[in-house]
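**Student:**
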Amino acid sequence: MTEPPQTVEPTPGPGDPAAGALATDGPAPGEPPAAGPTPQTPAAVRRRASLAGAVVSALLVIAIVFGSRLLRDFDSALLPYAVATVFLAFGVAYRYTVWVSAPGARRLFKQGRRSFFSAANFRKAPTALPKMIATYLGFQKFLGARSHARWAAHQLVFWGCLLAAAITFPLTWGWFTFTSSTGSGPGYEMRIWGFKVLGFDSLSFFGWIMFHGLDIAAVLVIAGASYFLWRRMKDRGAITGQRFAYDLVPLICLVVISVTGLLLTFSSIFLHGGGYEFLAVLHMVSVVFTLIYIPFGKFFHIVQRPAAVGMQLFKYTSRRKDEAVLACRRCHEPIDTAPYVENLQGTMRDLDLRFDTWAEYCPRCKRVLRGTAYLDHVKKGFK
Amino acid sequence: MMGRTIFIDPGRCIGCQACVSACRECDSHRGKSMIHLDYPDEGHSVASLPTVCMHCEDPVAPCAEVCPADAILVTADGVVQQADTTRCIGCANCVNACPFGVPKIDLQAKLQMKCNLCYDRTAYGLAPMCATVCPTGALFYGTLDELRAERPGVQVADSFTFGSTTVATGVAMVVPADKVQWPVPGGLPVVEINGRDVR
Chain A
1 MTEPPQTVEP
11 TPGPGDPAAG
21 ALATDGPAPG
31 EPPAAGPTPQ
41 TPAAVRRRAS
51 LAGAVVSALL
61 VIAIVFGSRL
71 LRDFDSALLP
81 YAVATVFLAF
91 GVAYRYTVWV
101 SAPGARRLFK
111 QGRRSFFSAA
121 NFRKAPTALP
131 KMIATYLGFQ
141 KFLGARSHAR
151 WAAHQLVFWG
161 CLLAAAITFP
171 LTWGWFTFTS
181 STGSGPGYEM
191 RIWGFKVLGF
201 DSLSFFGWIM
211 FHGLDIAAVL
221 VIAGASYFLW
231 RRMKDRGAIT
241 GQRFAYDLVP
251 LICLVVISVT
261 GLLLTFSSIF
271 LHGGGYEFLA
281 VLHMVSVVFT
291 LIYIPFGKFF
301 HIVQRPAAVG
311 MQLFKYTSRR
321 KDEAVLACRR
331 CHEPIDTAPY
341 VENLQGTMRD
351 LDLRFDTWAE
361 YCPRCKRVLR
371 GTAYLDHVKK
381 GFK
Chain B
1 MMGRTIFIDP
11 GRCIGCQACV
21 SACRECDSHR
31 GKSMIHLDYP
41 DEGHSVASLP
51 TVCMHCEDPV
61 APCAEVCPAD
71 AILVTADGVV
81 QQADTTRCIG
91 CANCVNACPF
101 GVPKIDLQAK
111 LQMKCNLCYD
121 RTAYGLAPMC
131 ATVCPTGALF
141 YGTLDELRAE
151 RPGVQVADSF
161 TFGSTTVATG
171 VAMVVPADKV
181 QWPVPGGLPV
191 VEINGRDVR
């Protein structure tokens, strides 16, 4: 736990391959940030969000139709899943638009995008962005700093879900097909958008992996999600303020999806398909519910987390030289990069929080100044 | 001001750090103390000032308003919770926007943490850890009536000025009777000559 100094990243050392990134845009320190755009009414935001949702889901439908070669490769048994992904696309686009329309997110989104598309930044630090993506999104190093066990469990859930999504989404959309020229194998061909990508023997180890990828994903997810469920029952910090719909439902969904998925395999191998239809319906219902839930619950963090990369990239690229770090006006301890503080002040003005100059003081000085004011003007006997 | 809340009386604080130690025992952030204890005129005065989250009501929770990740939840009872671990991206917007200098940030964990009024306790009617252990009553938890039953005639203020802005809070401070009609100064220096504070 740290407080001041508030510099968000340590100054990169000489060994840091990303060191030396220079920013060429953004307001100079001391220069007032640009005035924010006129606040949008909630109705206008909702209209824009609905439009974005409609456009994205329409694009997905078109991609499904053409990707499945005008539905020739589309598996009608998977129709409920495909429909759910269209709803998912609408929900994610809608929620995302609403989210980035709020002043704090909008300003950060713009700055992150500006840093991302800056050719100068890319030339000077081409590895910075891939490194940040791998660190924050792939290996989630920050979770290790919170708890090693949570990091391990989250990695299991993350890679399990990623594997499952990489397999099921294209299958659902009819983009992937597995066909055998001999009818029942063992030689199979994997095709993407109708083009043959690879051929394999379904009885080989590789073939086993190909056909049991979802089982592997389910095992990973069950292990991770079970730990998180156990933690939600036992860890008093996690229990404080936890909400059933927000904190527990996502975990229950993941476990139900994974267990019913594994049971489908169990049924086909050991029960000769006994109970398969019931399990298939149960599995489908749990998956469809989860897909539709994604934009409106805890899973939305999957969509939000890349903002962490945008934020880091913005701070990183704006750390051009020492004076770009804003020092507390009273104690001169570093607060944060100057463009970042200016961005925050702009956000505060957008929100009509008219004490934005206060952001140029470190938290400790704010408290000490308030204590001094109380001492001098409120209760002199306090001395 | 909330019904049951913390009342801070800096005049009673002896700077013993009992609240800091007790805060560390809170289940919702075990091992990390969220209360601040500052000495405004260190070396010249024994005055000390405990700072808990003031749970701003109007404007409601500036920390939550500036959060780009919608990570700070304000519960229906007016308690501004610490950042949702799933959403917080560790940007420090809340740390630098808070007019009272309350939130802390763990830069490695990319996580903000702050006083949540010991929600695991206050949600069940128990006093927060800091108010439970404070030996002098500088931190009192209860209703205004309960405070006045113990300290007849005591006056409190729940609004603070920062420049031209007044912030109304859920947590209140004890003030002398003749100061109760004015908001408590928040400490934002307003007098400058050539960009330097001259207060």
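Quick note, the sequences are listed as chains A and B, same order.
Just so you know, the working numbering puts 209 at position 209 of the first sequence, and the rest follows in order with no gaps.
Just so you know, the working numbering puts 52 at position 52 of the second sequence, and the rest follows in order with no gaps.
Yeah, the Cβ is synthetic: ideal placement off N, Cα and C, and Gly gets one too.
This structure is a prediction, so every number in the text was calculated from the model and none was measured.
1) Based on DSSP bridge pairs, tell me the residues matched to Pro50/B.
2) Could you check the C-alpha separation between Pro32/A and Tyr340/A for me, to the nearest Å?
3) Give me the chain B residues within the contact set of Thr41/A, using Cβ-Cβ distance strictly less than 7 Å, ordered along the chain.
4) Taking all protein chains shown into account, decide if Cys13/B is buried (16 or more other Cβ within 10 angstroms of its Cβ) or exposed.
5) Answer with buried or exposed for Val180/B, where buried requires no fewer than 16 other C-beta atoms within 10 angstroms of its C-beta.
6) Rounding to the nearest angstrom, what Cα-Cα distance links Leu137/A and Cys63/B in this structure?
7) Have a look at Ala338/A and Trp358/A and give me their C-alpha separation to the nearest angstrom.
8) Which residues in the same chain as Asp120/B place their Cβ atom closer than 8 Å to its Cβ, once the five residues preceding and following it in sequence are excluded?
9) Starting from Lys110/A, find everything on chain B with Cβ-Cβ shorter than 7 Å and list it in chain order.
10) State the Cα-Cα distance for the pair Asp6/B and Tyr374/A, rounded to the nearest angstrom.
11) Is Thr165/B helix, strand or coil by DSSP?
12) Below 8 Å on C-beta distance, what does Glu57/B contact in chain A?
13) Please name the residue, chosen from Ala127/B, Val171/B and Trp182/B, that lies closest to Thr165/B on a Cα-to-Cα basis.
14) Taking its Cβ as the centre, do 16 or more other Cβ atoms sit within 10 Å of Ser68/A, making it buried, or is it exposed?
15) Quick check on Lys124/A - is its C-beta less than 9 Å from some C-beta in chain B?
16) Cβ of Ala19/A less than 9 Å from any chain B Cβ?
17) Since Gln155/B sits in a beta bridge, which residues does DSSP pair it with?
18) Using a Cβ-Cβ cut-off of 9 Å, state whether Glu172/B counts as contacting chain A.
19) Residue ranges of each alpha helix (DSSP H) run of no fewer than 4 residues wholly in the stretch 36-104 of chain A, ordered along the chain?
20) Any beta carbon of chain B sitting closer than 9 Å to that of Arg364/A?
21) Is it buried or exposed for Asp247/A, if we count other Cβ within 10 angstroms and need 16 for buried?
22) Answer yes or no: do Cys365/A and Gly101/B have a C-beta to C-beta separation smaller than 9 Å?
23) List the whole-angstrom C-beta distance separating Val86/A from Leu60/A, where the pair is believed to meet the contact cut-off of C-beta under 8 Å.
24) Check whether the Cβ atoms of Ala307/A and Ala69/B sit closer than 9 Å, and answer yes or no.
25) Could you check where the beta strand (DSSP E) with Pro334/A kicks off and where it finishes?
26) Can you tell which of Ile89/B, Ala76/B, Val80/B and Gly3/B has its C-alpha closest to the C-alpha of Arg146/A?
**Tutor:** The structure says:
1) In the second sequence, residue 50/B corresponds to position 50, counting from 1. Leu37/B, per the DSSP bridge assignment.
2) In the first sequence, counting from the first residue as 1, residue 32/A sits at position 32. In the first sequence, counting from the first residue as 1, residue 340/A sits at position 340. Note that Pro32/A scores a pLDDT of 44, beneath 50, so its modelled location is shaky and nothing firm can be said.
3) Position 41 of the first sequence, counting from 1, holds the residue named residue 41/A. Scanning chain B for C-beta atoms nearer than 7 Å to the C-beta of Thr41/A yields nothing, as the closest lies near 17 Å away.
4) If you number the second sequence from 1, residue 13/B lands on position 13. In summary, Cys13/B is buried, with 16 or more beta-carbon neighbours lying within 10 Å of its beta-carbon over all protein chains present.
5) One-based indexing of the second sequence puts residue 180/B at position 180. That one is exposed.
6) Start at 1 with the first residue of the first sequence, and residue 137/A comes out as number 137. Start at 1 with the first residue of the second sequence, and residue 63/B comes out as number 63. C-alpha separation (whole angstroms): 25 Å.
7) Locating residue 338/A in the first sequence gives position 338, counting from the first residue. Locating residue 358/A in the first sequence gives position 358, counting from the first residue. Each residue's CA atom was taken as its position, placing Ala338/A and Trp358/A some 14 Å apart.
8) Walking along the second sequence from the start, residue 120/B turns up at place 120. Contacts found: Cys26, Asp27 and Ser28.
9) On the first sequence, residue 110/A is found 110 positions in, with the first residue counted as 1. Under the 7 Å cutoff, chain B gives no residues; its nearest Cβ is about 11 Å from Lys110/A.
10) Numbered from its first residue, the second sequence carries residue 6/B at position 6. Numbered from its first residue, the first sequence carries residue 374/A at position 374. Rather than Asp, the amino acid found at residue 6/B in this sequence is Ile. Roughly 18 Å separates the two Cα atoms.
11) For the purposes of this step, residue 165/B is taken as the residue at position 165 of the second sequence. Note: Thr165/B maps to strand in three-state DSSP.
12) Taking the second sequence and counting its residues from 1, the one referred to as residue 57/B is at position 57. The premise fails here: Glu57/B is roughly 14 Å from chain A at the closest Cβ pair, so nothing lies under 8 Å.
13) By 1-based counting over the second sequence, the position of residue 165/B is 165. Nearest Cα to Thr165/B within the set Ala127/B, Val171/B and Trp182/B: Trp182/B.
14) Taking the first sequence and counting its residues from 1, the one referred to as residue 68/A is at position 68. Around the Cβ of Ser68/A, a 10 Å sphere holds 16 or more other Cβ atoms; the residue is buried.
15) For this step, residue 124/A is matched to residue 124 along the first sequence. Chain B contact via Cβ: absent.
16) Looking up residue 19/A in the first sequence gives position 19. Any reading at Ala19/A is ruled out, since the residue's pLDDT is 35, under 50, leaving its predicted position unreliable.
17) As a working note, residue 155/B is residue 155 in the second sequence. According to DSSP, Gln155/B bridges with Val175/B.
18) Position 172 of the second sequence holds residue 172/B. Checking the sequence, you will find Ala at residue 172/B rather than Glu. No, Ala172/B lies away from the interface with chain A (no Cβ there is under 9 Å from its Cβ).
19) As far as the stretch 36-104 of chain A is concerned, its whole alpha helix (DSSP H) runs of at least 4 residues are 42-67 and 79-101.
20) Sequence index remark: in the first sequence, residue 364/A carries index 364 (1-based). Using a Cβ-Cβ cut-off of 9 Å, Arg364/A counts as an interface residue toward chain B, since at least one Cβ of chain B sits closer than that to its own.
21) Here the question's residue 247/A lines up with position 247 in the first sequence. Label assigned to Asp247/A: buried.
22) Counting from 1 along the first sequence, the entry for residue 365/A is found at position 365. Counting from 1 along the second sequence, the entry for residue 101/B is found at position 101. Yes. Within cutoff.
23) Counting from one through the first sequence, the residue named residue 86/A turns up at place 86. Counting from one through the first sequence, the residue named residue 60/A turns up at place 60. Right, the Cβ-Cβ distance comes to about 6 Å (below 8 Å), so this counts as a contact.
24) Here residue 307/A corresponds to residue number 307 of the first sequence, with the count starting at 1. Here residue 69/B corresponds to residue number 69 of the second sequence, with the count starting at 1. For Ala307/A and Ala69/B, yes; Cβs fall inside 9 Å.
25) The residue given as residue 334/A occupies position 334 in the first sequence. Run containing Pro334/A: Pro334 to Thr337, per the beta strand (DSSP E) assignment.
26) Start at 1 with the first residue of the first sequence, and residue 146/A comes out as number 146. Considering only Ile89/B, Ala76/B, Val80/B and Gly3/B, the residue with the shortest C-alpha distance to Arg146/A is Ile89/B.
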